[in-house]
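**Student:**
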Ligand code: FAD
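In the numbering used here, the protein residues as written are 122 to 532.
#1: With 16 other CB atoms within 10 Å as the buried threshold, where does residue 498 fall?
#2: Assuming residue 263 and residue 281 form a contact by the criterion Cβ under 8 angstroms, report the distance between their Cβ atoms to the nearest whole angstrom.
#3: Please report the distance separating the alpha-carbon of residue 315 from that of residue 451.
#4: Is residue 358 closer than 8 angstroms to residue 366 when the C-beta atoms are compared?
#5: Using 8 angstroms as the threshold, is the segment 454-470 in touch with the segment 182-201, meaning 3 or more CB pairs across them?
#6: Excluding the five sequence neighbours on either side, which residues of its own chain have a C-beta within less than 7 angstroms of the C-beta of residue 389, listed in chain order?
#7: Between residue 139 and the ligand FAD, is there a pair consisting of the residue's CB and a ligand heavy atom that are separated by less than 7 angstroms?
#8: Residue 259: which of 137, 484, 411 sits nearest, CA to CA?
#9: Three or more C-beta pairs under 8 angstroms: does that hold for the segment 325-335 against the segment 366-379?
#10: Just to confirm, does residue 414 get its C-beta within under 7 angstroms of one of the non-hydrogen atoms of the ligand FAD?
#11: Are the Cβ atoms of residue 212 and residue 227 separated by less than 8 angstroms?
#12: Beta-carbon within less than 6 angstroms of residue 163's beta-carbon, same chain only, minus the 5 sequence neighbours each way: which residues are those?
#13: Mind checking residue 300: buried by the 16 CB within 10 Å criterion, or exposed?
#14: With a threshold of 7 angstroms, establish whether the CB of residue 264 neighbours any heavy atom of the ligand FAD.
#15: Can you round the beta-carbon distance between residue 466 and residue 488 to whole angstroms, since I take them to be within the 8 angstroms contact cut?
#16: How about residue 307 and residue 418: are their beta carbons less than 8 angstroms apart?
#17: Start and end of the alpha helix (DSSP H) containing residue 403?
#18: Can you tell me whether residue 515 is buried or exposed, with buried defined as 16 or more other CB within 10 angstroms of its CB?
#19: Using alpha carbons as the reference points, say which of 471, 475, 448 lies closest to residue 461.
#20: So does residue 437 have its beta carbon nearer than 7 angstroms to some heavy atom of the ligand FAD?
#21: Just the C-alpha distance for residue 218 and residue 344, rounded to the nearest angstrom, thanks.
#22: Between residue 192 and the ligand FAD, is there a pair consisting of the residue's CB and a ligand heavy atom that are separated by less than 7 angstroms?
#23: Give the list of continuous beta strand (DSSP E) stretches no shorter than 3 residues that lie fully inside the segment 348-382.
#24: Please tell me whether residue 115 and residue 269 are closer than 8 angstroms, where the distance is taken between their beta carbons.
#25: How many angstroms separate the CA atom of residue 437 from the CA atom of residue 421?
#26: To the nearest angstrom, how far is the alpha carbon of residue 342 from that of residue 210?
#27: By the 10 Å Cβ neighbour count, where 16 or more other Cβ atoms means buried, how is residue 286 classified, buried or exposed?
#28: Give the straight-line distance between the Cα atoms of residue 442 and residue 202, rounded to the nearest whole angstrom.
#29: Are the beta-carbon atoms belonging to residue 482 and residue 429 less than 8 angstroms from one another?
#30: Restricting to Cα atoms, I'd like to know which of 500, 447, 393 is closest to residue 423.
#31: Determine the DSSP secondary structure at residue 247, reduced to helix, strand or coil.
#32: What do you get for residue 224, buried or exposed, if any count of 16 or more other CB atoms within 10 angstroms of its CB means buried?
#33: Within its chain, find whatever has a CB closer than 6 angstroms to the CB of residue 187; leave out the 5 residues flanking it on each side and keep chain order.
#34: Quick one: what's residue 134 bridged to in DSSP?
#35: May I ask whether a heavy atom of the ligand FAD can be found less than 7 angstroms away from the beta carbon of residue 368?
#36: With respect to the beta strand (DSSP E) encompassing residue 290, which residues constitute its N-terminal and C-terminal limits?
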């Protein structure tokens, strides 16, 4: 059945989206709503199928979705925002855990504004389902982008189901939503004058789980829990199954030292005794041994676009460290911002409809130029803020005088 909120499409305008992650799947829904025919190509198999669940690259199990991200869902369809909100657990503040076990709540806002914990797997499934339901969208899994010719509007994919055979598709617009190591960005850099920088920080992360306690959450579920310890920290976000996902962020040399003497349990006993008691020594040991240790990097590039033909969205344009909880949220905001600019230029050209597939190449170029000028600057700022917030979370939140001053400044 056709999706009720979708405008009639202009079938001759085709967008090819590279990457079926959080941002690519939302972009597919937006473009389809605006009349584009959309082909989304994802290199991995369909993660919604039970056999493929483990195929997802290791990433945080849950993440924080904020108003920045929810706004983009709402603009597409308020019912979609409502469905996402059904999956979240609100977090109204930080809960700071001192070494002696004392917990102090720092609310984010006196009026109750909050962020929300959501499962990454549940959210991507919901967005892919939404894209699947949109008329004009075709999802192609097992297709890895390898090459593009932006002048002629062609993208080439390696089709895993056909033994890696190359498939060439035509596109009026190529959307690179293929994450931090974007191949679309690589091709754009080879073709135009793009500034680019990428930096790995000297810290990595490892995830753990905290089980329920007597059938309920072991800690207050409506807080983001932080154990700030100066140069490293543990954080915990709640999940709907009464567990918490805990993440240890720490300098690589400390991970290296723990690997050498192998005693993660005594490390937790020294620095996070209350968390260790709730997680259990066997679990901490087993998960530290089994779970991957992830690296953290940030990148900036400018422009985010190439002529009227290509645009980068999400991590492909501005991967950031996770300490501000804004990577995905900013990616969603990219999609909303692009849509707003396209609609404005459509209207300025006298078309009072909402089908951005009707934009001419010239108008499309104007839209992409404006988009890039605005977003490159804004996202560069948030990449920096995300880095600054690591110091805030792992050290400054433990400083009572600093926290009080910040709170009073916010009133
Ligand atoms: P991705 O999620 O990387 O998706 C890219 C997709 O493209 C993938 O599916 C990939 O398989 C596919 N792909 C890649 N190359 C190709 C190719 N050549 N051909 C075809 N397909 C390809 N953000 C928040 O907003 N809040 C948080 O609380 C938060 N916490 C985080 C915690 C951690 C530990 C980490 C690491 C990140 C966190 N983030 C958070 C950031 C968030 O995960 C990213 O910003 C978000 O996943 C970016 O989405 P994306 O769709 O742009 O890229």
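All C-beta atoms in this analysis are idealised placements derived from N, C-alpha and C, irrespective of residue type, glycine included.
**Tutor:** According to the data block:
#1: Looking at its Cβ environment, which holds fewer than 16 other Cβ atoms inside 10 Å, residue 498 is exposed.
#2: Contact between residue 263 and residue 281 holds, with the beta-carbon distance rounding to 4 angstroms and staying under 8 angstroms.
#3: One alpha carbon belongs to residue 315, the other to residue 451, and they sit about 21 angstroms apart.
#4: Yes.
#5: Touching, per the Cβ criterion.
#6: Excluding positions up to five away in sequence, the list reads 396, 397, 405.
#7: Yes, the beta carbon of residue 139 sits closer than 7 angstroms to at least one heavy atom of the ligand FAD.
#8: Measuring C-alpha to C-alpha distances from residue 259 to each of 137, 484, 411 identifies 137 as the nearest.
#9: Yes: the two stretches touch, three or more of their Cβ pairs being nearer than 8 angstroms.
#10: Outside the cutoff, so no.
#11: Taking 8 angstroms as the Cβ cut-off, residue 212 and residue 227 do not qualify as a contacting pair.
#12: Cβ neighbours of residue 163 beyond the five flanking positions: 141, 262.
#13: In summary, residue 300 is buried, with 16 or more beta-carbon neighbours lying within 10 Å of its beta-carbon over all protein chains present.
#14: Indeed, a heavy atom of the ligand FAD lies less than 7 angstroms from the Cβ.
#15: Going by Cβ atoms, the distance from residue 466 to residue 488 rounds to 5 angstroms, so yes, they are a contact pair.
#16: No, the Cβ-Cβ distance between residue 307 and residue 418 is not below 8 angstroms.
#17: DSSP places residue 403 inside the alpha helix (DSSP H), whose first and last residues are 402-411.
#18: With 16 or more other Cβ atoms inside 10 Å of its own Cβ, residue 515 counts as buried.
#19: Of 471, 475, 448, the smallest CA-CA separation from residue 461 is found for 475.
#20: Distance from the C-beta of residue 437 to the nearest heavy atom of the ligand FAD is below 7 angstroms.
#21: For the pair residue 218 and residue 344, the Cα-to-Cα distance works out to about 12 angstroms.
#22: At a threshold of 7 angstroms, residue 192 does not count as near the ligand FAD, since its beta carbon sits no closer than that to any of the ligand's heavy atoms.
#23: List check, beta strand (DSSP E) in window: 354-359, 365-372.
#24: Nothing can be reported for residue 115: it is not among the residues displayed for the chain, which extend from 122 to 532.
#25: Here the alpha carbon of residue 437 sits roughly 9 angstroms from the alpha carbon of residue 421.
#26: Spanning the two alpha carbons is a distance of roughly 7 angstroms.
#27: That one is exposed.
#28: Residue 442 and residue 202: Cα-Cα distance of roughly 25 angstroms.
#29: Cβ atoms of residue 482 and residue 429: closer than 8 angstroms.
#30: Per the Cα distances, 500.
#31: In the structure shown, residue 247 adopts helical secondary structure according to DSSP, grouped into three states.
#32: Exposure of residue 224 is indicated by the presence of fewer than 16 other C-beta atoms within 10 angstroms of its C-beta.
#33: Same-chain partners within the cutoff: 236, 450.
#34: Partner(s): none; residue 134 has no beta bridge.
#35: At least one heavy atom of the ligand FAD is nearer than 7 angstroms to the Cβ of residue 368, so yes.
#36: 286-291 is the span of the beta strand (DSSP E), which, as asked, contains residue 290.
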